[in-house]
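Note sheet for the following structure.
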Amino acid sequence: MATLLYRLGRASFRRRRLVAVVWLVVLVGLGAAALTLKGPTSSNFTMPGTESQRALDLLDERFPAASGATGTIAVKAPQAGQLGTPQGQAVVKQVTEEAATLPGVVAAVDPYQVQALSPDGRYALIQVQFAGRADEVTDAQRTAYEKVGAQAETQGWQIAPGGEVLNAEPEVGSTEALGVLVAAIVLVLTFGSLVAAGMTMLNALIGVGVGMAGLYALSGAVELTSTAPILALMLGLAVGIDYSLFITSRHRQNLIDGLSPEEAAGRAVGTAGSAVVFAGATVVIALAGLAVVNIPFLTVMGLAAAGTVTVAVLVAITLAPALLGFAGRKVLPRRLRHREAVGTETTGTRAGGRPGFGFRWAHWVTKLRIPVILVGLIGLGLLALPAQDMRLSLPDAATAAEGTPARINNDLVQEGFGPGFTGRLAVVVTADDPQATQAAVPQVTALIQKTDGVVAVAPPQFDPTGRTALLGVVPKTGPTDAATETLVHDIRDHVTGIRNADVLLTGVTAIGIDVSEKLSDALPVYLLLVVGLSVLLLMLVFRSILVPVKAALGFLLTVAATFGITVAVFQQGHLAGLVGLDTAGPLVSFLPILLIGILFGLAMDYEVFLVSRMREDFVHGDTARQATINGMGHGARVVTAAALIMISVFGGFVFLDDPVIKSMGFALAVGVAIDAFVVRMTIVPAVMSLLNNAAWWIPRWLDKILPNVDVEGEGLRAHLAEKETAAV
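Going by the working numbering, the residue at position 443 of the sequence shown is 677; the numbering climbs one at a time, nothing skipped.
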């Protein structure tokens with residue numbers, strides 16, 4: 235692979251104008267396709283095979299008028315009891331009629347007809363039915379809905395529209411640019427050259443642009459969840475900068491070693507590019523592997539992010555050497571651009587021959603390896619403790635940013651009616667004939683009313699055929715409360731004895747519980763798949779048994795500690811103010827499994843970059859300890875820069891108001907920090923030093939059957955040596 239990439243790098247360098255034009259044409263073409271073919275994103279989390287999804291499918295068939303998005307307008311009178319006065323009734327009627335005439339609305343229910351009034355006569359709920367699904371509601375319709383009741387508010391009334399119709403795509407604004415700005419500063423400090431930093435950033439931005447344009451061009455044919463593009467952008471930008479950084483760093487070192495620019499670019503792509511391809515492949519495999527969970531929205535999220543990572547890899551191994559060709563020796567600091575300066579400086583060594591920080595750190599870690607390992611393990615173990623209390627759910631308005639329409643509506647409903655009204659359940663009773671349904675409904679109602687945690691059961695609504703009935707159930711607790719989860723299971727258990735009719739429980743709350751449980755069940759299987767994959771892949775790369783096992787255990791430490799910190803902040807609320815979190819609550823249900831897939835690829839990235847140099851020096855005669863020190867000394871600067879860049883990019887998304895995106899950015903930033911600085915740059919060299927020569931042991935029979943992927947470039951060195959011999 236290294237030899238093939240070496241040839242690709244040289245070809246891209248020589249034909250740099252053609253390569254640049256091709257990528258620009260691809261960017262413009264996909265951008266035009268995205269503008270013309272872009273479809274709406276969806277906030278629907280479907281879950282085939284679950285009871286709640288079967289019930290929803292049945293409702294779509296039997297109650298088509300109720301299949302669209304719903305909204306709830308909370309009304310609060312200036313004083314208690316005012317809803318019972320003629321003046322109050324007139325105000326509520328006016329708001330209801332206004333809502334009913336909004337664009338896209340098919341009906342608005344008068345709260346007096348359905349008794350949706352609080353006992354103190356101060357709060358009312360107006361149910362609004364839209365014709366289309368939440369993702370089909372236009373921005374104009376949503377804006378008009380948010381402004382309903384403006385006249386009543388001038389009279390001192392509080393009108394708060396809410397409901398699923400307000401679920402809109404999270405917006406990426408200027409705050410995320412802070413992360414990119416920090417990444418640019420890190421690049422300048424790392425390279426000491428504005429040209430090298432700018433070229434690296436340009437390379438990554440073109441890759442992200444191509445990836446995102448392609449994703450939006452496909453969105454007209456493939457349903458994307460609202461978080462899928464954000465995840466793709468977040469990951470594509472981070473790995474795009476890092477992959478270009480690795481290749482540019484190796485190219486610069488090759489120039490310093492005296493190679494011509496073309497040869498330096500070719501060898502950079504052949505060596506560092508091999509690590510980029512391997513690291514990118516692991517991220518893509520892990521993300522695409524989310525399909526094994528068999529959850530459609532998660533599969534789409536994984537494939538969307540995998541697509542942007544694939545583009546980032548392709549851009550790094552083709553466009554990066556082309557841009558290096560345009561930059562020439564300007565990628566070096568000014569003092570090293572002249573040819574007479576070649577060979578005067580080596581990576582990891584400061585002026586005067588003093589070892590760089592990476593070498594000094596490696597000496598210290600290997601000398602104190604036992605205490606370092608113990609402190610690292612105990613520290614990460616303590617950080618992981620909160621993870622045992624982790625709870626998962628789909629996001630709801632209770633954790634939305636304060637001041638947003640959804641949060642105001644949620645708080646007002648809870649204030650007037652209790653938390654259960656924000657997460658009402660729906661029970662579907664269906665049978666082959668109307669008589670069976672009519673007989674089953676009273677039994678179901680009685681059983682549900684006897685269940686602990688139920689406030690009320692609404693009268694049934696029947697479909698035109700009379701074969702299907704819909705019952706509304708109001709729980710005492712909110713949608714993400716553990717007691718509500720227990721209630722859902724209790725209701726399902728209690729109605730299993732109903733004969734001659736099927737009883738299905740659904741609703742946004744029940745769907746969230748079903749999704750979370752299915753994801754929790756899939757988490758151990760997916761984790762085992764990822765860990766097994768990491769052992770196999772690293773065995774191919776390093777021809778070792780213990781190095782892959784050590785890497786997998788380090789990955790598990792990273793994941794556990796990251797889960798623990800994220801739970802402590804976002805679920806338990808510790809230091810939540812530092813990340814701008816208004817209200818703590820359960821983690822979004824798909825965060826853990828996504829985090830495992832992404833961190834796996836990033837962890838293997840740093841592992842390969844550091845340990846491949848250790849193996850290279852060990853194979854060429856260094857002792858195991860010295861090889862460990864050399865690998866850390868030469869790789870620490872680049873890995874530190876790469877980690878800081880990823881932390882900056884991911885951390886930039888913490889400033890978004892959306893709590894889901896905020897938690898994703900936070901968890902990824904923390905995970906990268908732990909894996910890069912604690913696991914890969916501290917625990918790994920200590921363990922490698924402790925294992926000594928045994929780290930590189932592999933049975934001969936296994937060594938023979940494993941294919942040689944040549945990530946370290948041994949085959950490339952042999953190829954270049956043959957060329958030099960032939961030239962002589």
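Ideal placement from N, C-alpha and C gives every residue a C-beta, glycine not left out.
Looking only at its chain, what residues have a beta carbon closer than 8 Å to the beta carbon of residue i, apart from the 5 residues adjacent to it on each side?
i      : result
ILE607 : ILE917, ALA920, VAL921 and LEU924
THR461 : PRO404, MET535, VAL894, ILE895 and MET898
THR209 : Past the edges of the chain, shown from 235 to 962, lies residue 209, and the structure says nothing about it.
PRO639 : GLU380, ALA394, PRO395, GLY396 and LEU400
GLU496 : ARG244, PHE247, ARG248 and GLY559
Beta carbon of residue i, beta carbon of residue j: below 8 Å?
i      : j      : result
GLY798 : LEU617 : yes
VAL737 : VAL729 : yes
ILE481 : ALA506 : yes
THR304 : GLY397 : yes
ALA554 : SER494 : no
VAL382 : ALA341 : no
ILE475 : VAL883 : yes
ASP344 : THR335 : no
ALA660 : THR544 : no
MET209 : ALA418 : Residue numbering for the chain in the displayed model covers 235 to 962; residue 209 lies beyond these limits and cannot be assessed.
VAL765 : PHE789 : yes
ARG701 : ALA744 : no
VAL647 : THR656 : yes
VAL775 : PHE512 : yes
PHE852 : MET468 : no
SER627 : SER754 : no
GLY443 : LEU261 : yes
PHE651 : TYR379 : no
ALA703 : PRO694 : yes
DSSP puts residue i in a beta bridge; with which residues?
i      : result
VAL822 : SER627
THR702 : THR664
LEU739 : VAL661
GLY305 : VAL362
LEU351 : ALA358
LEU458 : THR275
PRO395 : ILE307
PRO709 : VAL688
VAL339 : PHE364
Taking its Cβ as the centre, do 16 or more other Cβ atoms sit within 10 Å of residue i, making it buried, or is it exposed?
i      : result
LEU770 : exposed
SER846 : buried
PRO713 : buried
LEU557 : buried
VAL456 : exposed
TRP257 : buried
LEU532 : buried
GLU296 : The question names Glu, yet the displayed sequence has Arg at residue 296. The residue is buried, with at least 16 neighbouring Cβ atoms inside 10 Å.
ILE879 : buried
VAL255 : exposed
THR580 : Note on THR580: pLDDT 47, under 50, position unreliable in the model; the coordinate value appears next. Exposed is the call here.
ARG250 : buried
ARG914 : buried
VAL388 : The identity of residue 388 in the sequence shown is Thr, whereas the question assumes Val. It is exposed - the Cβ of THR388 has fewer than 16 other Cβ atoms within 10 Å.
GLY819 : buried
GLY586 : At GLY586, the pLDDT of 49 sits below 50, so the modelled position is not reliable; the number obtained from the coordinates is stated separately. Under this definition GLY586 is an exposed residue.
What does a CB cutoff of less than 6 Å around residue i pick up in its chain, not counting 5 residues either side in sequence?
i      : result
ALA499 : GLY243, PHE247, HIS485, PRO555 and LEU558
ARG501 : ASN488
GLY869 : PHE843, LEU844 and ARG847
ALA903 : ILE881, PHE884 and GLY885
THR424 : ALA875
ARG603 : ALA920, SER923 and LEU924
ASN926 : ALA858
PRO629 : VAL822 and VAL894
With a threshold of 7 Å on Cβ separation, who are the neighbours of residue i within its own chain once the five nearest residues in sequence on each side are excluded?
i      : result
ALA901 : THR796, THR800, LEU825 and LEU829
TYR240 : GLY500, ARG501, VAL503, GLY504 and LEU950
VAL371 : ALA303, GLY338, PHE364 and VAL399
THR711 : PRO653, GLY654, GLY687, ALA717 and THR718
Within the 8 Å Cβ cut-off, does residue i reach chain C?
i      : result
ASN734 : In summary, chain C is missing from the structure at hand, where a single protein chain is found.
*asked:* Three Cβ pairs or more, each shorter than 8 Å: is that satisfied between the segment 299-316 and the segment 478-491?
replied: no
*Would you call the segment 663-677 and the segment 618-626 touching, i.e. three or more CB-CB distances under 8 Å?*
No, they do not touch.
*For the 8 Å Cβ check, are there 3 or more pairs between the segment 827-845 and the segment 630-643?*
no
_Under 8 Å: do the segment 442-457 and the segment 517-525 share three or more Cβ pairs, one atom per stretch?_
no
*Contact the segment 716-723 vs the segment 318-330: 3+ CB pairs below 8 Å*: no
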